[in-house]
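Numbering (our numbering), first residue to last: -6 to 86. Beta carbons: idealized from backbone N, C-alpha and C, even for Gly. Please read all numbers here as calculations on a predicted model, not as lab measurements. Each remark here refers to the structure printed beneath this line.
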């Protein structure tokens, strides 16, 4: 017996019925004519992909926060140096 292929759209819709609409895997699998094992695998892969995307987003958010903090510090240092340079230029001139 050959392995049946399903489109990505079909798999995504089946996963959405389980994850977003809250239907039982067994019910969705029976209604769509796929094995429960296959549907469980699709859901597992979908959750793993979503988890990696969230982790990447969290890492980017952390980097943005770090860069903003560094930018604030460097800007303050620059402003202090500008004021110091203006003070010494005025005092020497």
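Roughly how many whole angstroms lie between the Cα atoms of residue i and residue j?
i          : j          : result
residue 11 : residue 5  : 10 Å
residue 34 : residue 40 : 10 Å
residue 14 : residue 50 : 25 Å
residue 44 : residue 77 : 50 Å
residue 82 : residue 68 : 21 Å
residue 16 : residue 31 : 16 Å
Drop a sphere of 10 angstroms on the beta-carbon of residue i, count the other beta-carbons inside from all chains shown, and report buried for 16 or more, exposed for fewer.
i          : result
residue 84 : exposed
residue 7  : buried
Can you find the residues in the same chain that come closer than 7 Å, C-beta to C-beta, to residue i, ignoring five residues on each side of it along the sequence?
i          : result
residue 28 : 22
Report the residue ranges of all alpha helix (DSSP H) runs contained in full by the segment 15 to 76; include only those spanning at least 4 residues, in chain order. 18 to 25
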